[in-house]
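Asker: Okay, so the sequence shown: first residue is 1 according to UniProt numbering, each after it adds one.
Sharing a structure with you now.
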Amino acid sequence: MELHQLRYLVAVADLGSFTAAAARLHVSQSGVSAQIAKLEHEVGHRLLDRRGRTVSATAAGHEVLPHARAALASIATIDAVSDELSGVVRGSLRLGTVIGCTVPGYLAGFAAFRRAHPGVSVSVVESNSDLLIDDLAAGRLDVALVAHTDPLPDEVTGLTVIREPIAVVVPVGHPWAARDSVACAELVDVTVLSLPPGTGVRSALASTCAVARVDVTPAVAAHSPDSVLALAELGSGVGVLTAAMAVGRDALAAIPVTDSVETSLSLAVGSTPSAAARAMTAALANELLPAQ
1 MELHQLRYLV AVADLGSFTA AAARLHVSQS GVSAQIAKLE HEVGHRLLDR RGRTVSATAA
61 GHEVLPHARA ALASIATIDA VSDELSGVVR GSLRLGTVIG CTVPGYLAGF AAFRRAHPGV
121 SVSVVESNSD LLIDDLAAGR LDVALVAHTD PLPDEVTGLT VIREPIAVVV PVGHPWAARD
181 SVACAELVDV TVLSLPPGTG VRSALASTCA VARVDVTPAV AAHSPDSVLA LAELGSGVGV
241 LTAAMAVGRD ALAAIPVTDS VETSLSLAVG STPSAAARAM TAALANELLP AQ
């Protein structure tokens with residue numbers, strides 16, 4: 001039994017395909033098939049069911065897979081400890097960010113990490129915050145910049161970068177532009193532009209309106225704050241974001257939503273961060289929170 005056989009087994013089980021596993025592992029499909037066949041011969045049981053459209057674990061496979069994952073995780077931990085003892089940060093890192101992230105300091109922190117640790121391969125995923133948080137908790141991401149209104153799960157540790165209420169964003173000539181606040185009830189009869197479900201802004205909007213006993217469903221859910229701002233500037237509707245997202249847009253005014261639930265932007269890591277994850281977190285925090 002060899003470690004690469006366990007890696008092949010886990011990859012096929014996760015992806016449901018020998019072809020996809022071979023592509024991820026940068027080896028031939030025949031090589032993956034042959035090594036898993038050898039592993040099955042070694043343990044004396046069929047571990048994968050190859051009969052359907054997708055490959056799935058057999059009953060024996062379900063018993064073996066947790067131990068295979070644990071063995072691979074232990075090897076990764078040994079590698080990380082060895083690197084730390086040598087003062088070296090290397091390997092791979094999976095970084096997640098909210099879609100269209102324009103937070104000042106994020107790119108500067110990322111660039112600082114790359115300069116300091118060129119031996120680390122970084123893959124970046126942009127997604128809605130709910131999915132990023134789930135991936136952090138499950139170990140599919142190492143570090144992520146996430147927006148949320150509820151506390152993060154126990155498996156995730158976060159450092160708050162920004163905490164602020166939501167705001168209505170309208171052109172400076174709009175009747176609401178000079179207002180001190182806008183109530184949720186006033187959003188019912190206008191075209192609302194916001195972000196998709198699963199984002200911090202959308203969660204804050206839903207929670208704020210629920211407290212006010214008002215149902216507000218955005219007519220447009222754009223994936224980027226910049227898209228919402230551009231549409232609001234063109235008069236396509238009333239944007240609902242945060243005031244910070246509208247900074248620098250002189251043609252727009254941001255008005256607080258009455259009694260808004262706050263949304264937080266946090267720099268988050270999983271429960272057992274690697275040396276690379278800790279280094280990335282430090283680099284990002286240094287730029288996102290320069291006073292800390």
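Ideal placement from N, C-alpha and C gives every residue a C-beta, glycine not left out.
1) Taking the beta strand (DSSP E) that Glu164 belongs to, which residues open and close that run?
2) Classify Leu6 as buried or exposed, calling it buried when 16 or more other Cβ atoms lie within 10 Å of its own Cβ.
3) Kindly indicate the opening and closing residues of the alpha helix (DSSP H) around Val32.
4) Considering only DSSP beta bridges, list what His148 is partnered with.
5) Is DSSP giving Thr208 helix, strand or coil here?
6) Residue ranges of each alpha helix (DSSP H) run of no fewer than 4 residues wholly in the segment 80 to 144, ordered along the chain?
7) Using only the alpha-carbon positions, how far apart do Gly105 and Arg46 sit?
8) Below 8 Å between beta carbons: does that hold for His4 and Gln35?
9) Where does Leu241 sit, in a helix, a strand or coil, going by DSSP?
10) Could you give the distance in angstroms between the alpha-carbon of Ala206 and the alpha-carbon of Glu262?
11) Go ahead and pull the three-state DSSP assignment for Asp154.
12) Tell whether a beta-carbon distance below 8 Å holds between Leu136 and Val98.
13) Here's the rule: buried if 16 or more other CB atoms are within 10 angstroms of the residue's CB, otherwise exposed. What is Arg51?
14) According to DSSP, what are the bridge partners of Ala11?
15) Three Cβ pairs or more, each shorter than 8 Å: is that satisfied between the segment 233 to 241 and the segment 58 to 77?
16) Determine whether the beta carbon atoms of Leu39 and Val12 lie at a separation below 8 Å.
17) Among Gly16, Phe110 and Val10, whose alpha-carbon lies nearest the alpha-carbon of Glu63?
18) Roughly how many angstroms separate the alpha carbons of residue 300 and Gly109, rounded to a whole number?
19) How many Å lie between Gln292 and Thr258 at the Cα?
20) Are the CB atoms of Ser127 and Ala147 within a distance shorter than 8 Å?
21) In whole angstroms, what separates the C-alpha of Leu132 from that of Ile166?
22) When you compare only the Cα positions, how much space is there between Ile255 and Thr160?
23) Cα-Cα, which of Ser33, Ala112, Ser271 and Arg140 is closest to Ala285?
24) Mapping DSSP to helix, strand and coil, what is Leu47?
25) Determine the DSSP secondary structure at Ala219, reduced to helix, strand or coil.
26) What does the alpha-carbon distance come out to for the pair Gly235 and Asp189?
27) For Ser123, which residues of its own chain have a beta-carbon under 6 Å away from its beta-carbon, when the five flanking residues on both sides are left out?
28) Can the beta-carbon of Gly200 be found less than 8 Å from the beta-carbon of Thr149?
29) Using CA coordinates, which residue listed in Ala183, Val168 and Cys184 is at the minimum distance from Ala177?
Answerer: According to the structure shown:
1) It spans Thr157 to Pro171 - the beta strand (DSSP E) in which Glu164 sits, taken as one unbroken run.
2) Looking at its Cβ environment, which holds 16 or more other Cβ atoms inside 10 Å, Leu6 is buried.
3) DSSP places Val32 in the uninterrupted alpha helix (DSSP H) bounded by Gln29 to Val43.
4) Answer by DSSP bridge pairing, in chain order: Ser264.
5) Three-state DSSP puts Thr208 in a helix.
6) The alpha helix (DSSP H) runs of length 4 or more contained entirely in the segment 80 to 144 are, from start to end of the chain, 106 to 116 and 129 to 138.
7) Between Gly105 and Arg46, the alpha-carbon positions lie close to 51 Å from each other.
8) Result yes, Cβ atoms of His4 and Gln35 sit closer than 8 Å.
9) DSSP places Leu241 in the strand class (E or B) of the three-state scheme.
10) The alpha-carbon of Ala206 is positioned some 11 Å away from that of Glu262.
11) In the structure shown, Asp154 sits in coil (DSSP, three-state: anything other than H, G, I, E or B).
12) No, these two residues do not count as a Cβ contact at 8 Å.
13) Counting Cβ neighbours within 10 Å, Arg51 comes out exposed, since fewer than 16 surround it.
14) Looking at the DSSP assignment, Ala11 forms no beta bridge with any residue, so it has no partner.
15) Contact annotation: the segment 233 to 241 does not touch the segment 58 to 77, with fewer than three C-beta pairs closer than 8 Å.
16) For the 8 Å CB-CB criterion, Leu39 and Val12 do not form a contact.
17) Nearest of Gly16, Phe110 and Val10 to Glu63, Cα basis: Val10.
18) The structure shown has nothing for residue 300, since the chain only spans 1 to 292.
19) Unreliable placement is indicated for Gln292, whose pLDDT of 45 sits below 50; the coordinate value is still reported in the next sentence. Cα to Cα, the separation comes out at about 31 Å.
20) No, these two residues do not count as a Cβ contact at 8 Å.
21) Distance between the alpha carbons of Leu132 and Ile166: 21 Å.
22) If I take the Cα positions, the gap works out to 23 Å.
23) Per the Cα distances, Ala112.
24) In the structure shown, Leu47 adopts coil according to DSSP, grouped into three states.
25) It is coil, neither helix nor strand.
26) Near 15 Å, if we compare the C-alpha coordinates of Asp189 and Gly235.
27) Take Ser123, set aside five residues on each side of it, and the residues of its chain with a beta-carbon closer than 6 Å to its own are Arg94, in chain order.
28) Contact flag set, yes.
29) With distances taken between Cα atoms, Ala177 lies closest to Val168.
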